[in-house]
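Chains as they are written, first to last, in the working numbering: chain A, 29 to 404; chain B, 3 to 437.
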């Protein structure tokens with residue numbers, strides 16, 4: 029599928045499956061004064077669904093545009109299936125792409141849109157017809173062939189855009205915030221559909237989004253971008269449960285932060301003196317050593333109220349706010365000087381009544397508390 | 003605008019309360035039929051809309067619609083002959099045009115000649131008739147002097163006085179020309195005329211002026227429109243793809259010609275293009291051209307095309323720009339990611355999406371060009387003038403020339419409307435985007 033730029037087989041083609049897409053020391057600057065992408069190294073194996081997640085301006089879309097060929101890399105090399113593609117124009121890369129606003133050609137019908145990449149490749153009329161039909165069946169829009177994009181709903185346009193990106197059977201599909209324009213319910217439904225299509229076709233997908241839920245539900249691996257660098261590259265589960273930096277802990281899911289100073293480190297645990305008073309145990313992940321500052325990260329659902337004797341880290345907190353959410357109750361508390369400390373309590377039968385202003389004991393297991401780089 | 007009394011009591015009193023649906027027709031709280039109440043409450047809005055456009059409507063009516071109507075009516079008027087012999091005009095229509103007319107026509111002519119002699123109105127009409135029937139002036143004036151002494155039967159008396167009265171062509175001309183409405187000026191405007199027997203024939207080749215000029219005007223306007231597309235499209239594309247700050251600056255350059263007087267711009271082209279002008283000087287100086295073979299680039303078609311393309315370019319760029327501005331770059335990217343080369347993506351995706359802009363620009367530029375006057379007058383010489391230049395020339399002339407000018411203008415107007423109709427058929431005016 030991928031046109032080889034010089035025709036001969038590259039030596040590291042055998043490594044193709046381990047690193048189908050490879051960014052090597054890639055840097056990108058638009059103005060020559062600041063780097064949007066700083067020294068990116070990334071290997072994406074064939075068939076993986078990789079999400080680039082990050083706030084706007086973090087460099088994730090730029091990476092996608094460099095991979096698609098719309099932006100040249102200022103430095104470094106991008107490999108596709110073992111071949112360097114820096115000098116390969118976009119139309120020769122054979123990469124499917126789904127755009128944020130779908131970019132369906134408004135002057136063509138749905139069928140013409142789908143036929144476009146096939147016609148460009150000089151396929152026969154019959155071949156085009158069967159492929160277009162198959163693609164429309166795949167996205168469950170068999171009756172929409174004659175419609176114009178403007179006559180479709182947002183979700184239908186989205187499906188056509190996905191179908192168009194895969195109809196010419198590329199091995200790699202890029203998606204640039206493709207679900208951003210849909211409402212919440214449709215977005216969730218489309219997440220599964222896109223994921224299922226990817227699994228069925230076995231294509232490699234590089235997906236860009238700023239929506240962490242999307243990233244967690246769809247991806248095999250997630251690359252969290254910030255400030256032009258990948259902050260963490262891991263599975264959704266690790267990303268949530270084992271963030272390696274305060275940024276990732278804060279960006280993915282809800283997170284409680286307590287600031288303090290490392291008092292001691294013993295093996296794979298450490299003691300931290302909190303600024304708000306008290307000493308707790310934590311897992312040292314990104315700490316400089318004894319005496320250095322750190323930010324502790326604890327997920328709200330890992331905090332226990334009225335901990336039993338098996339929970340070592342106990343602190344006192346004052347309940348500031350109670351929000352009833354049906355399946356669980358959100359409790360905002362003032363804990364060790366942090367008045368945004370959130371605790372999620374599952375709505376169980378044995379729950380004791382809580383009151384605003386009440387003083388309660390809370391705690392967590394040492395392995396649920398991660399000592400990360402200090403914030404602010 | 004104090005009509006609170008009109009809509010006030012009926013409007014909100016019962017809003018939201020659902021009445022028995024079988025009880026037709028619906029009424030408002032105080033028993034007014036709902037439809038009447040709705041009409042009444044909307045009447046104010048309609049009145050407002052009318053009042054808002056009324057001043058402009060009046061202005062257009064007085065300064066635009068009425069003059070055009072007057073011009074069009076003038077193009078068929080035929081006052082010279084029809085005003086003079088009123089009695090003859092009244093009876094000559096009954097004559098079938100074969101042989102000589104009967105006694106009553108001669109009698110009427112005798113009376114007309116007599117009154118004409120008294121009021122001194124014979125001279126003007128004889129001049130007009132003499133143009134087509136040489137010698138008619140002589141016998142008409144001659145008989146007019148004796149008109150008071152003529153005795154019935156007038157037919158014999160007048161034929162005896164001068165055998166010119168026995169010319170059948172004279173009477174047929176009179177029959178035709180005493181009608182107050184004539185197609186003669188339209189015939190002339192299309193290079194046709196009445197021959198001596200009253201049949202419509204093509205004018206001699208060396209008198210054919212207007213038809214070639216109409217064709218040249220249309221042809222050159224098309225060339226100019228084509229050039230503005232060729233030159234304007236890349237500029238509009240550049241403007242649309244640059245960041246706003248830069249594109250605004252460039253847009254000022256595009257609009258700059260609008261802020262300079264048309265005369266100044268056209269004169270600048272004269273300075274540039276004339277044989278002792280800047281461009282020729284440069285070409286001679288650089289050795290590309292011998293001093294003896296300086297190019298003639300002005301006072302001909304080249305001059306008109308160059309200067310008018312420049313003048314009309316903004317009218318093409320602006321609608322193109324406004325369309326291109328709305329085309330997201332992701333369309334081109336999508337086409338390229340799907341495997342189309344830059345050129346193919348442009349032709350199959352970008353170009354079709356800009357058609358509304360091209361069409362709007364074409365309509366604007368072509369219609370403006372067809373009626374252009376100043377620039378061709380200044381730089382067109384003989385071969386580069388437009389139909390409007392001859393219209394203007396005729397406008398300054400005598401009554402007949404003014405009527406010819408009116409006929410030419412009406413034909414031009416019809417041509418433009420025809421173009422618009424055709425354009426609408428092909429492109430669809432509702433798809434155009436002017437800005």
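All C-beta atoms, glycine included, are put in the ideal place defined by N, C-alpha and C.
The structure displayed is predicted, hence computed values, not measured ones.
Could you tell me the distance, in whole angstroms, from the CA atom of residue 68 of chain B to the CA atom of residue 81 of chain B? Their backbone Cα atoms lie some 20 angstroms apart in a straight line.
Using the beta-carbon count (16 or more within 10 Å), is residue 273 of chain B buried or exposed? Of the other Cβ atoms in all chains shown, fewer than 16 fall within 10 Å of the Cβ of residue 273 of chain B; this residue is therefore exposed.
For residue 204 of chain B, which residues in the same chain have their Cβ closer than 7 angstroms to its Cβ, ignoring the five residues on either side in sequence? So the list reads 193, 194, once near-sequence residues are dropped.
How about residue 244 of chain A and residue 264 of chain A: do their beta carbons lie closer than 8 angstroms? Taking 8 angstroms as the cut-off, the Cβ atoms of residue 244 of chain A and residue 264 of chain A count as close.
Let's test the definition: count the other Cβ atoms within 10 Å of the Cβ of residue 198 of chain A and tell me whether it reaches 16, buried, or not, exposed. Buried is the call here.
From A:343, A:342, A:332, pick the residue whose C-alpha is nearest to that of residue 357 of chain A; which is it? Nearest option by C-alpha distance: A:332.
Contact set for residue 121 of chain B: own chain, Cβ-Cβ below 6 angstroms, skip 5 residues either direction: There are no such residues.
Among the candidates A:97, A:102, A:146, whose CA atom is the shortest distance from the CA of residue 61 of chain A? Residue nearest to residue 61 of chain A within the set A:97, A:102, A:146 is A:102 (criterion: CA-CA distance).
Distance cutoff 8 angstroms, beta carbons only. Does residue 177 of chain A sit that close to anything in chain B? Not a single CB atom of chain B sits nearer than 8 angstroms to the CB of residue 177 of chain A.
Helix, strand or coil for residue 133 of chain B, going by three-state DSSP, please let me know. Looking at residue 133 of chain B - three-state DSSP - the assignment turns out to be helix.
Applying the criterion that 16 or more other CB atoms from any shown protein chain within 10 Å of the CB defines a buried residue, is residue 173 of chain B buried or exposed? Counting every other CB atom within 10 Å of its CB across the protein chains shown gives residue 173 of chain B a total of 16 or more, marking it as buried.
Are the stretch 319-330 of chain B and the stretch 379-394 of chain B in contact at 8 angstroms, needing three or more beta carbon pairs? No contact exists between the stretch 319-330 of chain B and the stretch 379-394 of chain B.
For chain B, find out if any of its Cβ atoms is closer than 8 angstroms to the Cβ of residue 129 of chain A; answer yes or no. Nearest CB-CB separation between residue 129 of chain A and chain B: below the 8 angstroms threshold.
Would you decide whether residue 23 of chain A is buried or exposed? Buried here means 16 or more other CB atoms lie within 10 Å of its CB. Outside the modelled stretch of chain A, which goes from 29 to 404, sits residue 23 of chain A, for which no answer is possible.
Residues within the stretch 339-351 of chain B neighbouring chain A, beta-carbon criterion of under 7 angstroms: Residues of the stretch 339-351 of chain B with a C-beta less than 7 angstroms from any C-beta of chain A: 339, 340, 341, 342, 343, 346, 351, listed in chain order.
Per-residue burial, residue 327 of chain A [other beta carbons within 10 Å of its own, 16 or more giving buried]: By the neighbour-count rule (16 or more Cβ atoms within 10 Å), residue 327 of chain A is buried.
Looking only at DSSP bridge pairs, what is residue 223 of chain A linked to? According to DSSP, which records beta bridges pairwise, residue 223 of chain A is partnered with nothing at all.
Which residues in chain B sit within 9 angstroms of residue 133 of chain A, going by Cβ to Cβ distance? Simply 333, 336, 337, 350, 351, 354, 355.
Please report the distance separating the alpha-carbon of residue 208 of chain A from that of residue 268 of chain A. If you take the alpha carbons of residue 208 of chain A and residue 268 of chain A, they lie about 22 angstroms apart.
Looking at the structure shown, is residue 147 of chain B part of a helix, part of a strand, or coil, going by DSSP? DSSP places residue 147 of chain B in helix when its eight states are reduced to three.
Looking at the C-beta of residue 330 of chain B, does it have a partner C-beta in chain A at a distance below 8 angstroms? Yes, its Cβ sits closer than 8 angstroms to a Cβ of chain A.
Local Cβ density within 10 Å of residue 235 of chain A, reported as buried at 16 or more and exposed below that: By the 10 Å Cβ count, residue 235 of chain A comes out buried.
Compare the C-beta of residue 48 of chain A against all C-beta atoms of chain B and say whether one is closer than 8 angstroms. For residue 48 of chain A, not one C-beta of chain B is nearer than 8 angstroms to its own C-beta.
Take residue 337 of chain B and list the residues in its own chain whose beta-carbon comes closer than 6 angstroms to its own, dropping the five residues that flank it on each side. A distance below 6 angstroms between beta-carbons, with the five flanking residues on each side excluded, links residue 337 of chain B to the following residues of its chain, in chain order: 347, 351.
Check the Cβ of residue 148 of chain A against every Cβ in chain B and list those closer than 8 angstroms, keeping chain order. Going along chain B in sequence order, the residues near residue 148 of chain A (Cβ under 8 angstroms) are 340, 341, 342, 346.
Using 8 angstroms as the limit for Cβ to Cβ distance, is residue 145 of chain A near chain B? It does; some Cβ of chain B falls within 8 angstroms.
Measure the Cβ-Cβ separation of residue 281 of chain B and residue 290 of chain B and say whether it is below 8 angstroms. If you check the CB distance, residue 281 of chain B and residue 290 of chain B do not come in under 8 angstroms.
Could you give the residue range of the alpha helix (DSSP H) that holds residue 368 of chain A? Here residue 368 of chain A belongs to no alpha helix (DSSP H); instead the beta strand (DSSP E) covers 366-374.
Check whether the stretch 154-161 of chain B and the stretch 124-131 of chain B touch, using three or more Cβ-Cβ pairs below 8 angstroms as the test. Counting Cβ pairs under 8 angstroms, fewer than three are found: no touch.
Given this structure, state the Cα-to-Cα distance separating residue 284 of chain A from residue 238 of chain A, to the nearest angstrom. In a straight line, the C-alpha of residue 284 of chain A is about 21 angstroms away from that of residue 238 of chain A.
With DSSP as the reference, identify every bridge partner of residue 356 of chain A, one or two as the case may be. The beta-bridge partner set that DSSP reports for residue 356 of chain A consists of A:374.
For chain B, is any of its Cβ atoms less than 8 angstroms away from the one on residue 124 of chain A? Yes, residue 124 of chain A counts as interfacial toward chain B.
Would you identify the three-state DSSP class for residue 66 of chain A, choosing helix, strand or coil? In the structure shown, residue 66 of chain A sits in a strand (DSSP, three-state: E or B).
Within 10 angstroms of the Cβ of residue 221 of chain B, are there 16 or more other Cβ atoms? Answer buried if so, exposed if not. That one is exposed.
Within chain B, the residues that residue 101 of chain A reaches when beta carbons sit closer than 7 angstroms: For residue 101 of chain A, no chain B residue has a Cβ inside 7 angstroms of its Cβ, as the nearest lies near 17 angstroms away.
Could you pull out every residue in the same chain whose Cβ sits closer than 8 angstroms to the Cβ of residue 379 of chain B, ignoring the five residues on either side in sequence? Excluding residues up to 5 positions away in sequence, 387, 391, 394 lie with their Cβ nearer than 8 angstroms to the Cβ of residue 379 of chain B in the same chain.
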